[in-house]
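Asker: If you scroll down you'll find the structure; I have some questions about it.
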Amino acid sequence: MISKIKNLFLKPSEFQKHSKYQIQTTMLYEIGKAMNSSIKDLQHTLELITSSVPNILEVERSLLMLIDEENKCLTIRSGSGLVTNEFIKNFKINIGEGIIGKVAKDGKPKLVKDQSLEPKNELGVSSFIAAPLKIEELVLGVITADSKTDRSDFTEDDLKLLNVLAGLAAIDVQNARIHEMMRKKNERLTALFEIGMAMTSTLELQRLLDLIIDKAIYLTSATSGSLILIEEGSDVLIIKSARGLQPDAPEKIKLKLGQGITGIVAKTGKPIREGNVLKNPYYVSALKEVNSELAVPMLLEGKIIGVINVDSVRPNAFSAQDEELLSTLSSHATIAIKNAKLFEKLTDCQKQNPSN
């Protein structure tokens, strides 16, 4: 599809026979058609846009950046023309910083055309235009074009054209994200169903506990996790199953109700989602590299019996959706644990009274 669009770009001699406006309009139409007919692959869309800009606007380079919500900055997702992989990898602009950062913050396009200035801006050039990828008031990213091939200044018409491309890109980026979100949601619902089936078919308690924490880590893309139960008749929390922690963690870490993030959850019955554990005064370290923690209570007939806890080395790793998902898993898990414990007691009774 990209090659089809590139075929539309005419040689300089052919421009004399056609209206530049008509050619640009045709290019925009073909780009929009190609985007609508393509599978909602986000990277494909971004490459389609940036590969078109240098030819449409007659520039040396085009960059498309998306906002990284986690780190509050812009990173390059696609580039074409005079751009290296090293430049793309190392380029990062905080929201509100520099000309491009302000475009992302304010959602307003910008034209920089004073070539007499030294290239002190973030792109290292003295002439460029930038337009926000915007859906209503939501800014998703920024697209730029710099250095006209004939060394002329950019015009307001150039900026308007880039703004149109930014609008096309924003719609497709949003659609691709919605498509990906729905795919992940369906994947998670399927996984929850499969987990529920697996839990109901397992009556061996330890095997069930291991299965629960394995699935909790899988569903939330966590680095490590543990399933903690409150010891009957006491306020001590016992790690019954763990993954990704030190081998001696279950013996070494013995918290009480109200101690640590896990202990607070076990005491209050309310989940805690922490994006930076070092800022939480209740945090008790089980793994040095951890930055994020998500802990949800396990409630059985209104009584707190334990906590499912997952960790990640990434800051702000867990979303509200992860919290909801883990809480749903916890509800299924408590019922399965109750059944497994009843089966365990029944088995013990039969062993003690074989005649019965």
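Residues 1 to 356, numbered by UniProt numbering, are exactly what the sequence shown covers, in order.
Even glycine gets a Cβ: it sits at the ideal position worked out from N, Cα and C.
1) Taking only heavy atoms of the ligand ZN into account, decide whether any of them is closer than 7 Å to the Cβ of Glu344.
2) Are three or more beta carbon pairs between the stretch 64–72 and the stretch 84–96 nearer than 8 Å?
3) Out of Lys113, Ser221, Lys351, state which residue places its alpha-carbon closest to the alpha-carbon of Arg151.
4) Mapping DSSP to helix, strand and coil, what is Leu42?
5) Check whether the stretch 247–264 and the stretch 321–332 touch, using three or more Cβ-Cβ pairs below 8 Å as the test.
6) Tell me, please, which residues DSSP counts as bridged to Phe128.
7) For Arg77, does the count of other Cβ atoms within 10 angstroms reach 16, so buried, or fall short, so exposed?
8) So what does Cys73 bridge to, in DSSP terms?
9) Between the alpha carbons of Ser221 and Glu58, how many angstroms are there, rounded?
10) With distances taken Cα to Cα, identify the nearest neighbour of Leu46 among Pro109, Thr144, Ala104, Glu60.
11) Restricting to Cα atoms, I'd like to know which of Phe87, Thr50, Val139, Gln174 is closest to Asp106.
12) Looking at C-alpha atoms only, which residue of Thr75, Ser80, Leu237 is the closest neighbour of Lys89?
13) Determine which residues share a DSSP beta bridge with Met298 and list them.
14) Taking the straight line between their C-alpha atoms, what separation do you get for residue 417 and Arg188?
15) Identify which residue in Glu344, Asn339, Gln43 has its Cα closest to the Cα of Asp172.
16) CB-CB under 8 Å to Ala216, same chain, minus the five flanking residues each way: which ones, in chain order?
17) Kindly give me the distance between the Cβ atoms of Ala191 and Leu211, rounded to whole angstroms, as I take these residues to be in contact under 8 Å.
18) State the CB to CB distance for the pair Ile264 and Glu293, rounded to an integer number of angstroms; the pair is presumed to be in contact (CB under 8 Å).
19) Just checking: is the beta-carbon of Gly79 within a distance shorter than 8 Å of some beta-carbon in chain B?
20) By Cβ distance below 8 Å, which residues in the same chain neighbour Ser241 in space, the five residues on each side in sequence not counted?
21) Between the C-alpha atoms of Gln352 and Lys338, what's the straight-line distance to the nearest angstrom?
Answerer: On the basis of the data shown:
1) In terms of ligand content, the structure shown is empty, and the ligand ZN therefore cannot be addressed.
2) yes
3) The sequence position of residue 151 within the sequence shown is 151, counting from 1. The shortest Cα separation from Arg151 among Lys113, Ser221, Lys351 belongs to Lys113.
4) Counting from 1 along the sequence shown, the entry for residue 42 is found at position 42. It is helical.
5) no
6) Here the question's residue 128 lines up with position 128 in the sequence shown. The partner list for Phe128 (beta bridge, DSSP) reads Val112, Asp146.
7) The count along the sequence shown starts at 1 and reaches residue 77 at position 77. Label assigned to Arg77: buried.
8) On the sequence shown, residue 73 is found 73 positions in, with the first residue counted as 1. DSSP lists Asp68, Asn94 as partners of Cys73.
9) Numbered from 1 along the sequence shown, position 221 holds the residue referred to as residue 221. Numbered from 1 along the sequence shown, position 58 holds the residue referred to as residue 58. Each residue's Cα considered, the two are about 44 Å apart.
10) Mapped onto the sequence shown, residue 46 falls at position 46. For Leu46, the nearest C-alpha among the options comes from Thr144.
11) Here residue 106 refers to the residue found at position 106 of the sequence shown. Here the closest residue by C-alpha is Val139.
12) Within the sequence shown, numbered from 1, the residue matching residue 89 stands at position 89. Of the listed residues, the one whose Cα sits closest to Lys89 is Thr75.
13) What you label residue 298 is simply residue 298 of the sequence shown in a count that begins at 1. Paired residues: Gly306.
14) The structure shown does not extend to residue 417, since the chain is modelled only from 1 through 356, so no value can be given for it.
15) Start at 1 with the first residue of the sequence shown, and residue 172 comes out as number 172. Comparing Cα-Cα distances from Asp172 to each of Glu344, Asn339, Gln43, the minimum goes to Gln43.
16) Position 216 of the sequence shown, counted from the start, is the residue given in the question as residue 216. Around Ala216: Ala222, Gly225, Leu227, Ile308, Val310, Leu326, Leu329.
17) The count along the sequence shown starts at 1 and reaches residue 191 at position 191. The count along the sequence shown starts at 1 and reaches residue 211 at position 211. About 12 Å; that fails the 8 Å criterion.
18) Residue numbering aside, residue 264 sits at position 264 when the sequence shown is read from its first letter. Residue numbering aside, residue 293 sits at position 293 when the sequence shown is read from its first letter. In fact, because the Cβ distance is near 11 Å, the residues do not count as touching under 8 Å.
19) Going by chain labels, chain B is absent from the structure shown, which holds only one protein chain.
20) Locating residue 241 in the sequence shown gives position 241, where the first residue counts as 1. The residues are Gln206, Leu209, Asp210, Ile212, Ile213, Ser226, Leu227.
21) Along the sequence shown, read from residue 1 onward, the residue named residue 352 stands at position 352. Along the sequence shown, read from residue 1 onward, the residue named residue 338 stands at position 338. Whole-angstrom Cα-Cα distance: 21 Å.
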